[in-house]
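Novice: Pasting in a structure now, in C-alpha coordinates, and then I'll have a few things to ask.
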Amino acid sequence: MINPQPAQGIANMLTFDIEEWFHANYDGVLPDRSKGSGFRTHMDTLLRLCRETGCKATFFILGCIGEDYPDVVKAIAREGHDVASHGYGHELAYKQTIGEFKADVKKSIDILEDLTGTKVLGYRAPSWSIVESNLHYLEVLVELGMRYDASIFPVKTFLYGIPHAPTWIHKPVVNGRELDLYEIPMSVMRIAGRNIGYSGGFYFRFFPKWVIKRAIHAANRRGSSSIVYLHPREVDAREHRLDLPFKENFIHYYNVQGTPAKLEDIMRSFRFTSIAEHLKDNFDENAKLTLTAELVR
(Lines of atoms letter the chains of each structure in order from A and count residues from 1; the text may use other names and numbers.)
(Lines give C-alpha, C1' and ligand atoms only; values in the text may rest on other atoms or scores of the structure.)
Protein backbone atom coordinates (compact mmCIF):
# COMPACT_ATOMS: atom_id res chain seq x y z
CA MET A 1 0.00 0.00 0.00
CA ILE A 2 1.26 3.49 -0.88
CA ASN A 3 0.97 5.92 1.99
CA PRO A 4 0.00 9.43 0.92
CA GLN A 5 1.65 12.40 2.54
CA PRO A 6 -0.45 14.28 5.13
CA ALA A 7 -2.78 16.88 3.68
CA GLN A 8 -5.00 19.61 5.07
CA GLY A 9 -8.45 18.02 4.84
CA ILE A 10 -9.48 15.35 2.40
CA ALA A 11 -10.17 16.04 -1.26
CA ASN A 12 -12.28 13.42 -3.00
CA MET A 13 -11.99 12.68 -6.71
CA LEU A 14 -14.66 13.62 -9.24
CA THR A 15 -14.71 11.74 -12.54
CA PHE A 16 -16.94 11.62 -15.60
CA ASP A 17 -16.94 9.02 -18.39
CA ILE A 18 -17.55 11.11 -21.50
CA GLU A 19 -19.57 9.20 -24.06
CA GLU A 20 -22.90 9.33 -25.92
CA TRP A 21 -26.21 7.84 -24.73
CA PHE A 22 -25.76 4.93 -27.13
CA HIS A 23 -22.30 3.88 -25.91
CA ALA A 24 -22.84 0.68 -23.96
CA ASN A 25 -21.69 -2.93 -23.97
CA TYR A 26 -24.79 -5.10 -24.15
CA ASP A 27 -24.85 -7.99 -26.63
CA GLY A 28 -27.38 -7.66 -29.42
CA VAL A 29 -28.32 -4.03 -28.68
CA LEU A 30 -28.23 -1.89 -31.83
CA PRO A 31 -29.09 1.73 -30.99
CA ASP A 32 -30.63 4.06 -33.53
CA ARG A 33 -28.01 6.80 -33.61
CA SER A 34 -30.08 8.87 -36.03
CA LYS A 35 -32.27 9.97 -33.10
CA GLY A 36 -29.76 12.64 -32.21
CA SER A 37 -28.34 13.48 -28.80
CA GLY A 38 -28.43 15.98 -25.99
CA PHE A 39 -24.70 15.55 -25.43
CA ARG A 40 -23.77 19.23 -25.68
CA THR A 41 -26.46 20.20 -23.19
CA HIS A 42 -25.29 17.49 -20.79
CA MET A 43 -21.71 18.69 -21.00
CA ASP A 44 -22.80 22.28 -20.41
CA THR A 45 -24.54 21.05 -17.25
CA LEU A 46 -21.48 19.17 -15.95
CA LEU A 47 -19.08 22.03 -16.64
CA ARG A 48 -21.47 24.57 -15.09
CA LEU A 49 -21.77 22.46 -11.93
CA CYS A 50 -17.99 22.26 -11.69
CA ARG A 51 -17.65 26.04 -12.06
CA GLU A 52 -20.39 26.84 -9.56
CA THR A 53 -19.11 24.42 -6.91
CA GLY A 54 -15.41 25.07 -7.45
CA CYS A 55 -14.76 21.39 -8.23
CA LYS A 56 -12.15 20.06 -10.61
CA ALA A 57 -12.64 16.68 -12.26
CA THR A 58 -11.08 14.04 -14.46
CA PHE A 59 -12.98 13.61 -17.71
CA PHE A 60 -12.34 10.17 -19.26
CA ILE A 61 -13.13 10.93 -22.89
CA LEU A 62 -13.66 8.57 -25.81
CA GLY A 63 -11.48 9.32 -28.82
CA CYS A 64 -14.54 9.35 -31.08
CA ILE A 65 -16.05 12.06 -28.86
CA GLY A 66 -12.92 14.10 -29.51
CA GLU A 67 -13.50 13.69 -33.24
CA ASP A 68 -17.20 14.59 -33.05
CA TYR A 69 -17.02 17.34 -30.42
CA PRO A 70 -13.51 18.86 -30.48
CA ASP A 71 -14.79 22.13 -29.03
CA VAL A 72 -16.17 20.32 -25.96
CA VAL A 73 -12.83 18.63 -25.26
CA LYS A 74 -11.04 21.97 -25.60
CA ALA A 75 -13.52 23.57 -23.19
CA ILE A 76 -12.89 20.82 -20.61
CA ALA A 77 -9.14 21.45 -20.78
CA ARG A 78 -9.54 25.23 -20.86
CA GLU A 79 -11.49 25.13 -17.59
CA GLY A 80 -8.61 23.36 -15.87
CA HIS A 81 -9.90 19.81 -15.74
CA ASP A 82 -7.90 16.62 -16.27
CA VAL A 83 -8.44 15.19 -19.77
CA ALA A 84 -7.90 11.41 -19.74
CA SER A 85 -8.59 8.51 -22.10
CA HIS A 86 -11.65 6.26 -22.13
CA GLY A 87 -10.40 4.43 -25.21
CA TYR A 88 -11.53 5.25 -28.73
CA GLY A 89 -14.91 3.60 -29.39
CA HIS A 90 -16.12 2.13 -26.07
CA GLU A 91 -15.00 -1.43 -26.81
CA LEU A 92 -14.61 -3.84 -23.92
CA ALA A 93 -10.90 -4.21 -23.25
CA TYR A 94 -11.19 -7.92 -22.39
CA LYS A 95 -12.73 -8.57 -25.81
CA GLN A 96 -9.74 -7.00 -27.57
CA THR A 97 -6.40 -8.61 -28.25
CA ILE A 98 -3.55 -6.82 -26.53
CA GLY A 99 -2.54 -5.38 -29.89
CA GLU A 100 -6.06 -4.09 -30.54
CA PHE A 101 -6.15 -2.65 -27.04
CA LYS A 102 -2.88 -0.77 -27.53
CA ALA A 103 -3.98 0.63 -30.88
CA ASP A 104 -7.36 1.67 -29.44
CA VAL A 105 -5.86 3.50 -26.46
CA LYS A 106 -3.09 5.13 -28.51
CA LYS A 107 -5.61 6.40 -31.06
CA SER A 108 -7.61 8.04 -28.32
CA ILE A 109 -4.52 9.56 -26.71
CA ASP A 110 -3.34 11.03 -30.01
CA ILE A 111 -6.74 12.65 -30.64
CA LEU A 112 -7.02 14.13 -27.14
CA GLU A 113 -3.43 15.38 -27.00
CA ASP A 114 -3.77 17.04 -30.41
CA LEU A 115 -6.89 18.86 -29.19
CA THR A 116 -5.58 19.99 -25.81
CA GLY A 117 -1.84 20.34 -26.35
CA THR A 118 -1.23 18.56 -23.03
CA LYS A 119 -0.15 15.04 -22.18
CA VAL A 120 -2.86 12.50 -21.38
CA LEU A 121 -1.91 11.01 -18.01
CA GLY A 122 -4.68 8.50 -17.29
CA TYR A 123 -7.05 5.87 -18.61
CA ARG A 124 -10.31 4.19 -17.62
CA ALA A 125 -11.51 1.16 -19.55
CA PRO A 126 -15.08 1.18 -20.87
CA SER A 127 -17.38 -0.68 -18.46
CA TRP A 128 -14.47 -1.32 -16.06
CA SER A 129 -13.19 -3.97 -18.49
CA ILE A 130 -9.76 -4.51 -16.98
CA VAL A 131 -10.36 -7.77 -15.11
CA GLU A 132 -8.18 -10.64 -13.92
CA SER A 133 -7.88 -12.22 -17.38
CA ASN A 134 -6.40 -9.07 -18.96
CA LEU A 135 -4.71 -7.41 -16.01
CA HIS A 136 -1.46 -7.54 -17.98
CA TYR A 137 -2.95 -4.96 -20.36
CA LEU A 138 -1.88 -2.40 -17.74
CA GLU A 139 1.67 -2.92 -19.03
CA VAL A 140 0.51 -1.35 -22.30
CA LEU A 141 -0.50 1.81 -20.46
CA VAL A 142 3.03 2.08 -19.04
CA GLU A 143 4.44 1.64 -22.55
CA LEU A 144 2.22 4.48 -23.73
CA GLY A 145 3.53 6.78 -21.01
CA MET A 146 0.44 6.83 -18.83
CA ARG A 147 0.79 7.76 -15.16
CA TYR A 148 -2.40 6.24 -13.74
CA ASP A 149 -5.22 3.81 -14.47
CA ALA A 150 -8.74 3.92 -13.02
CA SER A 151 -10.23 0.78 -14.58
CA ILE A 152 -10.52 -1.66 -11.68
CA PHE A 153 -13.71 -2.01 -9.67
CA PRO A 154 -13.21 -4.19 -6.55
CA VAL A 155 -16.62 -5.87 -6.92
CA LYS A 156 -18.02 -8.75 -8.96
CA THR A 157 -20.83 -8.24 -11.48
CA PHE A 158 -21.94 -10.01 -14.66
CA LEU A 159 -19.95 -7.49 -16.72
CA TYR A 160 -16.86 -6.51 -14.74
CA GLY A 161 -14.93 -6.50 -11.50
CA ILE A 162 -12.05 -7.95 -9.48
CA PRO A 163 -13.66 -8.46 -6.05
CA HIS A 164 -10.40 -9.11 -4.16
CA ALA A 165 -8.47 -6.22 -5.74
CA PRO A 166 -6.88 -3.65 -3.41
CA THR A 167 -9.27 -0.85 -2.50
CA TRP A 168 -6.55 1.78 -2.04
CA ILE A 169 -4.35 3.65 -4.51
CA HIS A 170 -1.38 1.44 -5.31
CA LYS A 171 1.11 0.44 -7.97
CA PRO A 172 -0.10 -2.90 -9.37
CA VAL A 173 2.11 -5.95 -9.67
CA VAL A 174 1.83 -7.71 -13.02
CA ASN A 175 3.86 -10.79 -13.95
CA GLY A 176 5.90 -10.37 -10.78
CA ARG A 177 6.84 -6.76 -11.52
CA GLU A 178 5.55 -3.58 -9.89
CA LEU A 179 4.41 -1.24 -12.63
CA ASP A 180 5.34 2.43 -12.74
CA LEU A 181 1.65 3.26 -12.78
CA TYR A 182 -0.81 4.29 -10.09
CA GLU A 183 -4.01 2.25 -9.93
CA ILE A 184 -7.01 4.25 -8.70
CA PRO A 185 -9.66 1.63 -7.82
CA MET A 186 -13.32 2.60 -7.63
CA SER A 187 -14.66 3.30 -4.14
CA VAL A 188 -16.54 0.53 -2.32
CA MET A 189 -18.15 -0.05 1.07
CA ARG A 190 -18.53 -3.37 2.90
CA ILE A 191 -22.04 -4.78 3.27
CA ALA A 192 -22.58 -8.33 4.57
CA GLY A 193 -18.94 -9.14 3.92
CA ARG A 194 -18.98 -7.98 0.30
CA ASN A 195 -17.66 -4.94 -1.53
CA ILE A 196 -20.44 -2.73 -2.89
CA GLY A 197 -20.05 0.43 -4.92
CA TYR A 198 -21.82 3.54 -3.66
CA SER A 199 -20.59 6.65 -5.42
CA GLY A 200 -20.97 6.20 -9.16
CA GLY A 201 -23.27 5.13 -11.97
CA PHE A 202 -26.06 2.78 -10.91
CA TYR A 203 -24.85 2.80 -7.31
CA PHE A 204 -25.00 6.59 -7.17
CA ARG A 205 -28.54 6.55 -8.59
CA PHE A 206 -29.72 3.63 -6.45
CA PHE A 207 -28.57 4.58 -2.96
CA PRO A 208 -30.25 7.46 -1.11
CA LYS A 209 -28.17 10.60 -0.81
CA TRP A 210 -27.68 10.09 2.95
CA VAL A 211 -26.09 6.68 2.36
CA ILE A 212 -23.62 8.14 -0.15
CA LYS A 213 -22.77 11.04 2.15
CA ARG A 214 -22.27 8.74 5.12
CA ALA A 215 -19.96 6.47 3.09
CA ILE A 216 -17.89 9.42 1.85
CA HIS A 217 -17.66 10.86 5.36
CA ALA A 218 -16.57 7.44 6.67
CA ALA A 219 -13.83 7.17 4.04
CA ASN A 220 -12.64 10.70 4.74
CA ARG A 221 -12.48 10.04 8.49
CA ARG A 222 -10.18 7.10 7.71
CA GLY A 223 -7.99 9.47 5.69
CA SER A 224 -9.15 8.05 2.35
CA SER A 225 -10.70 9.76 -0.67
CA SER A 226 -13.88 8.63 -2.37
CA ILE A 227 -14.33 8.63 -6.13
CA VAL A 228 -17.54 9.75 -7.81
CA TYR A 229 -18.22 8.82 -11.43
CA LEU A 230 -21.13 9.51 -13.75
CA HIS A 231 -21.95 9.69 -17.46
CA PRO A 232 -23.39 12.71 -19.32
CA ARG A 233 -26.64 10.82 -20.06
CA GLU A 234 -27.25 10.43 -16.32
CA VAL A 235 -28.01 14.13 -15.85
CA ASP A 236 -30.94 14.14 -18.29
CA ALA A 237 -34.00 11.90 -17.89
CA ARG A 238 -35.23 13.08 -21.30
CA GLU A 239 -32.28 11.65 -23.21
CA HIS A 240 -32.93 8.81 -25.66
CA ARG A 241 -32.76 5.32 -24.18
CA LEU A 242 -31.49 1.98 -25.36
CA ASP A 243 -34.03 -0.81 -25.79
CA LEU A 244 -32.84 -3.15 -23.03
CA PRO A 245 -34.20 -6.18 -21.16
CA PHE A 246 -35.71 -5.44 -17.74
CA LYS A 247 -32.61 -6.05 -15.58
CA GLU A 248 -30.26 -4.12 -17.84
CA ASN A 249 -32.80 -1.31 -18.24
CA PHE A 250 -33.09 -1.03 -14.45
CA ILE A 251 -29.31 -0.87 -14.03
CA HIS A 252 -28.85 1.61 -16.85
CA TYR A 253 -31.67 4.04 -16.11
CA TYR A 254 -32.98 3.69 -12.54
CA ASN A 255 -33.62 7.10 -10.96
CA VAL A 256 -31.94 9.12 -13.71
CA GLN A 257 -34.44 11.87 -12.97
CA GLY A 258 -33.02 12.31 -9.48
CA THR A 259 -29.37 12.41 -10.46
CA PRO A 260 -28.74 16.12 -11.28
CA ALA A 261 -29.94 17.42 -7.92
CA LYS A 262 -28.16 14.62 -6.03
CA LEU A 263 -24.91 15.27 -7.89
CA GLU A 264 -25.04 19.01 -7.21
CA ASP A 265 -25.69 18.42 -3.50
CA ILE A 266 -22.79 15.95 -3.22
CA MET A 267 -20.48 18.35 -5.08
CA ARG A 268 -21.41 21.17 -2.69
CA SER A 269 -21.03 18.97 0.40
CA PHE A 270 -17.45 17.73 -0.14
CA ARG A 271 -14.15 18.86 -1.62
CA PHE A 272 -13.47 17.38 -5.06
CA THR A 273 -10.47 17.46 -7.33
CA SER A 274 -9.17 15.53 -10.34
CA ILE A 275 -7.21 12.31 -10.12
CA ALA A 276 -4.08 13.95 -11.53
CA GLU A 277 -4.22 16.75 -8.96
CA HIS A 278 -4.86 14.26 -6.15
CA LEU A 279 -1.77 12.28 -7.08
CA LYS A 280 0.30 15.43 -7.47
CA ASP A 281 -0.77 16.75 -4.07
CA ASN A 282 -0.63 13.57 -2.00
CA PHE A 283 2.03 11.17 -3.21
CA ASP A 284 5.81 10.95 -3.36
CA GLU A 285 7.89 13.89 -4.48
CA ASN A 286 9.04 12.28 -7.72
CA ALA A 287 5.44 11.68 -8.75
CA LYS A 288 4.56 15.25 -7.81
CA LEU A 289 7.35 16.66 -9.95
CA THR A 290 6.55 14.40 -12.91
CA LEU A 291 2.82 15.03 -12.83
CA THR A 292 3.27 18.78 -12.40
CA ALA A 293 5.57 18.94 -15.42
CA GLU A 294 3.16 16.94 -17.55
CA LEU A 295 0.09 18.92 -16.46
CA VAL A 296 1.65 22.23 -17.58
CA ARG A 297 3.00 21.09 -20.94
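Under our numbering, think of the first position of the sequence shown as 5, with each following residue one higher.
Note that beta-carbon positions come from the ideal geometry of N, C-alpha and C, so glycine has one too.
A quick note: this is a predicted structure, and the numbers were derived from the prediction, not measured.
With DSSP as the reference, please indicate the residues paired to T19 in a beta bridge.
Specialist: BP columns for T19 point to T62 and Y233.
Novice: In terms of residues, what are the limits of the alpha helix (DSSP H) holding S155?
Specialist: Note, S155: premise wrong, no alpha helix (DSSP H); not H, not E.
Novice: Using the DSSP secondary-structure output, state which residues sit across from G201 in a beta bridge.
Specialist: Answer is V192.
Novice: Which one of N16, H174, K217 and D21 has the shortest CA to CA distance from R237?
Specialist: Residue D21 is the option with its Cα nearest to R237.
Novice: Threshold first: 4 residues or longer. Then list the alpha helix (DSSP H) segments lying entirely within the segment 83-169, N to C.
Specialist: Listed in chain order, they are 102-120 and 142-147.
Novice: I need the straight-line Cα distance from D285 to G58, nearest angstrom please.
Specialist: Going by the C-alpha atoms only, they are around 17 angstroms apart.
Novice: Just the Cα atoms here: how many angstroms apart are E23 and N16?
Specialist: About 23 angstroms.
Novice: My output table needs one value for H256: the three-state DSSP class, helix, strand or coil.
Specialist: Here H256 sits in helix by DSSP.
Novice: Report the residue ranges of all beta strand (DSSP E) runs contained in full by the segment 25-73; include only those spanning at least 3 residues, in chain order.
Specialist: With a minimum length of 3 residues, the continuous beta strand (DSSP E) runs that stay inside the segment 25-73 are 62-65.
Novice: Taking C-alpha atoms, which residue in R128, K175, D240 and R245 lies nearest to K266?
Specialist: It is D240 whose Cα lies nearest to the Cα of K266.
Novice: Please list, in chain order, all residues of the same chain as G149 whose beta carbon is under 8 angstroms from its beta carbon, the five residues on each side excluded.
Specialist: Excluding sequence neighbours, G149 sits near K123.
Novice: Look up T277 in the DSSP assignment and give the residues it is bridged to.
Specialist: In DSSP, T277 forms a bridge with M17.
Novice: Looking only at C-alpha atoms, which of I156, K213, P176 and F43 sits nearest to N199?
Specialist: The candidate whose alpha carbon is nearest that of N199 is I156.
Novice: With respect to the alpha helix (DSSP H) encompassing I216, which residues constitute its N-terminal and C-terminal limits?
Specialist: I216 -> alpha helix (DSSP H) spans K213 to R225.
Novice: Compute the distance between the beta-carbons of V87 and M47, then report whether it is under 8 angstroms.
Specialist: In this structure, M47 does not lie closer than 8 angstroms to V87 by Cβ.
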